[in-house]
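> Questions regarding the structure given below will be posed in turn.
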Amino acid sequence: MTMGTRNVRYYGAVNDLPERIALRAGPLSLLWEESDLRTIKFEGVEVLRRIYIAIRDRNWGTVPNTLSNVQMVVEQDSFLITFDAANAEGDIDFTWQGRVSGSAEGEITYSMVGRANTTFWKSRIGFCVLHPADAAGAACHVEHVDGSTDMAALPVHLVHEQPVTPFAEMAALTHEIRPGIWFETRFAGDIFEMEDQRNWTDASFKTFSTPLRIPYPVELPAGTAVVQTLTLRLIDKRPEGGIAQFVAEDRGVQFGPIAGAPATPLPAIGLGMASHGQMLTEHEVAALTTLNLDHLRVDIHPISPSARDVLVAASQAARALGTGLHVAVFLDVPYAEQVQVLESMLEDVKPPVEAWLLYPAHEDFRGGTPIVPVVEAAKLALKRYADVPLGAGTDTDFIFLLRNRPPLHSLDFITYAINPQVHAFDNTSLIETVACQAATVRSARLLSDGLPVHVSPVTLRMRYNPYATAAPQPPPPGELPPQVDVRQMSLFGAGWTLGSIKYLAESGAEAVTYYETTGWRGVMEQAGGSPIPEKFRSIAGGVFPLFHVLADIGDLRHAQVIPTRATDPLVVDGLLLEERGRRTVLLYNATPSMQAARVEGLSGHVACRLLDERTADQAAREPEAFRASFSPLARTGDGYFEVPLSPYAYARLDVSE
C-alpha cells in the first residue's frame, strides 16, 4: 500500500481544497473561500484575517456549511456574490442566504438571513470577525450599543477576561491600521463582543455574537429567524487624503537570521505514550530511538483500575528508548487517599521519573479549579519518591492557566497544553496558529515569575472537550474518533510540527511533549496498519513525515536556535540551528502551490534533503535510506541560495564552509 493520491500525501485526505478567488473592493484586496472572506488587506497590510458565519452546537462543535446556488459578478475593483447555505448535523437543520458586495470606494457589506428548520440547542449562531494578532497594540474606537464610546488599544499580552475590556456590547469597532488611516467594522442584528483567541493559539482577536453574559446553550425553536449584517469601510483622517489603489509585488519569500537576536537552546523534546495501549515492538523501538527523545509522558489517574498497568508499560517503554518519564498525575477528592494509592504504586513499579506534572482530575473553564490543593496534597509524596522537577498548570488550553493560577512557590515549572483546533479547522487557520504559540510562552513566562515553561502535550486535535455541556457521542461506525486528524500522517503535519518547534523554541520553552509514540495520533503507524484505512490512509509500519522533523531535531538536540524571520511565514517558514559552528536550516512550504524560498545570511556549501510528494513513500517505508539522501544545492554569487519547494514540502539544508 502507498500513501495514495497527492492530496493524501499533502494533507491526508482525497478531497481537493476549496477554491480561493481573489477580489478587490477599490483599495482593499481579499480572498473568497466557501462563504468566508480572508486576508482583507490595505496596501499590503492585513486589516482583517477572516470573516465567517459559525453555527455552534451545544458543545461548541462547529456545524459545517454546504453552499449552493452561488452567483458571482467580479469586476476589476468591485464584486457581488450571493449564495444559499445549509448547516445540517444531528438534530440541527439551519439554512441561510448570504450576500457579499464590495464597492470601488472600498466598502464591503456582508449580510446573512437565516432560519432554524428544526428545534435544536445552540451555543452561538452568527458572524465571527477576526482581527489579526499582529494588530496587537493598535488604537481602537469602540462604539457601544447604548451609544457610548471608548478609546482603547488591542491588548499586547494575552487577556483571559471575556469579553476583553472595553470591547463589549459593541455596535462598531474601528482600528487604526497606519497613521491617519482607520478601518471600521459595523455590526447589525445582534450584540457583539471580543475575546482574545491567542489563548487558544488562534492568531487573532475574535469579535462575535451573542454576548457570553447571556446563558448558553439555548434552545432555538423551529422557525426562528437569524438576520445579521456587517459593513466594513476605510476612514482616511489624513489631511491630504486620497487613498489609491495598491498592487503588491511578488518577490517570493525571503528567509534568514534576525541580526543581533540572541540564540536560545532547543527545548527538551518528548512524546506521549500511545493511547491505544499496545506495547512497543522491536521495530518501533528501533525507529523511535533515532529520534533521540528526551522523555516520554504518561498520564496516571491513581484510582483507575488500569493505572498500574499503564505505569508499568510506560516504564518499560522509557527504558527501551533510553529516556525518562514525565509522569502526569491527575487527582480528585479525596486527595489524601489517592496520593496513598499513588505512593504504593510508585514503590511497586519504580518508574524512571524525570519530571512530575500535577493536575486536577477535572478542570473548570470558568475558574475555580482546585489546582492549589492538588499541588499541596501531592508534592511531598512525589518528591519523596523522586526529587525531580515538579510542575503544574493545566492539561488543556492556555486560558485555563490564566484563570486558575498554580501555586508558584511550590513548583519548579509551569505547564499547559496546545492544540490548534478549538475554533477553526482548515489548513490556513492551523498554520496561522504556530506563530501564536510563541505568545503563549511569553505570557506564561510573565506570570510564572521566572519559572521554566513546559508545553505538554502539543496535539493536532483536542484530546477531550473541556467546554462540553453534554456527554460526547461516540463516532459513527467507519468514522474517525474526534481526537484523530488525517493530517497527522501528511506533509502538512510535518510543516505544522516544524513551525510549532520554531516558535516554541525561539520564545524560550524549556520542554515540549508532542503527540504520541505510535498509531494514528503518533509519529509512526503500527505494524497492523490503520484501524480505518479508507479514512486514515497510512502505510502499515511506516513513519509519518513529521517523524523526520523530530529526527532532524534529535540529530541536533544540543544545537542553539538562531532566531529567523520569513517575509511571509504563512507561505514559507523555518528554523535555523547552529552546533559547533555548523548551521542547519529546516524549511517548510505551508501552501498547496510551488514556492521558491530565498535563504539569506548564510555562506558555504549546502547539502539538501527534500521530503515532498516524490519522496514521501520512501521516507515512510525506508526512513534510514531517505535520511541519508542529501544532494548539493547551488549557491548564487550574491550571497543567498534558493530552495524550490513543491506543495507542503519539507527541506533540511546542511550548510558547511
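So the sequence shown is residues 15 to 671, counted in the numbering used here. For each residue, glycine too, the CB sits at the ideal point set by N, CA and C. All values reported here derive from a predicted model rather than from experimental measurement.
#1: Just mark residue 398 as buried or exposed, buried being the case when its beta carbon has 16 or more other beta carbons within 10 Å.
#2: Which one or two residues does DSSP pair with residue 362 in a beta bridge?
#3: Sort out for me which residues DSSP pairs residue 612 with in a bridge.
#4: What runs of the beta strand (DSSP E), each 3 residues or longer, lie entirely inside the stretch 111-148?
#5: What would DSSP say about residue 95, mapped onto helix, strand or coil?
#6: For residue 10 versus residue 82, is the C-beta spacing smaller than 7 Å?
#7: DSSP three-state call for residue 506: helix, strand or coil?
#8: Are the CB atoms of residue 65 and residue 77 nearer to each other than 7 Å?
#9: Of all the alpha helix (DSSP H) runs that stay within the bounds of the stretch 328-405, which reach a length of 4 or more residues?
#10: In whole angstroms, what is the alpha-carbon distance linking residue 141 and residue 31?
#11: Looking at the secondary structure, which residues open and close the alpha helix (DSSP H) in which residue 457 lies?
#12: Along the chain, where does the beta strand (DSSP E) that runs through residue 189 open and close?
#13: Any idea what DSSP makes of residue 34, helix, strand or coil?
#14: Secondary structure at residue 619, three-state DSSP: helix, strand or coil?
#15: Could you give the DSSP three-state label for residue 241: helix, strand or coil?
#16: When the Cα atoms are used, what is the spatial distance from residue 242 to residue 454?
#17: Which residue's Cα is closest to the Cα of residue 350: 579, 316, 561 and 26?
#18: Once DSSP output is grouped into helix, strand and coil, what is the label at residue 574?
#19: Is the distance from the Cβ of residue 514 to the Cβ of residue 472 below 7 Å?
#20: Classify residue 465 as helix, strand or coil using the three-state DSSP reduction.
#21: Please report how far the alpha carbon of residue 362 lies from the alpha carbon of residue 529, in whole angstroms.
#22: From residue 382 to residue 418, what does the alpha carbon distance come to, in whole angstroms?
#23: Can you tell me whether DSSP reads residue 180 as helix, strand or coil?
#24: Whether or not the stretch 90-108 and the stretch 189-206 are in contact is what I'm after, with contact meaning three or more pairs of Cβ atoms, one per stretch, closer than 8 Å; do they touch?
#25: Quick check on residue 309: buried or exposed, where buried means 16 or more other Cβ atoms within 10 Å of its Cβ?
#26: Roughly how far, in whole angstroms, is the beta-carbon of residue 294 from the beta-carbon of residue 332, given that I think they are within contact range, below 8 Å?
#27: Our contact map puts residue 559 next to residue 610 with C-beta atoms below 8 Å; I'd like the distance itself, whole angstroms only.
#28: Three-state secondary structure (DSSP) at residue 280?
#29: Whole angstroms are fine: how far does the CA of residue 458 sit from the CA of residue 496?
#30: Ends of the beta strand (DSSP E) at residue 644?
#31: Tell me, to the nearest whole angstrom, how far the beta carbon of residue 234 is from that of residue 134; I am working on the premise that it is less than 8 Å.
#32: Compute the Euclidean distance between the alpha carbons of residue 672 and residue 176, then round it to the nearest angstrom.
#33: Can you tell me the Cα-Cα spacing of residue 375 and residue 485, whole angstroms?
#34: Could you give the DSSP three-state label for residue 303: helix, strand or coil?
#35: Please report the straight-line C-alpha distance between residue 385 and residue 318, rounded to a whole angstrom.
Taking the definition as stated:
#1: exposed
#2: BP columns for residue 362 are empty, so no partner.
#3: 268 and 656
#4: 121-130 and 134-146
#5: strand
#6: Because the chain is modelled from 15 through 671, residue 10 falls outside the range shown and cannot be assessed.
#7: helix
#8: no
#9: 349-363 and 385-399
#10: 23 Å
#11: 441-461
#12: 184-192
#13: coil
#14: strand
#15: strand
#16: 33 Å
#17: 316
#18: strand
#19: yes
#20: coil
#21: 28 Å
#22: 7 Å
#23: coil
#24: no
#25: buried
#26: Residue 294 to residue 332, Cβ: 10 Å. No contact.
#27: Their Cβ separation, rounded to whole angstroms, is 21 Å, which puts residue 559 and residue 610 out of contact at 8 Å.
#28: coil
#29: 28 Å
#30: Here residue 644 belongs to no beta strand (DSSP E), and DSSP marks it neither H nor E.
#31: 6 Å
#32: Residue 672 lies beyond the stretch modelled for the chain, which goes from 15 to 671, so this question has no answer here.
#33: 16 Å
#34: helix
#35: 20 Å
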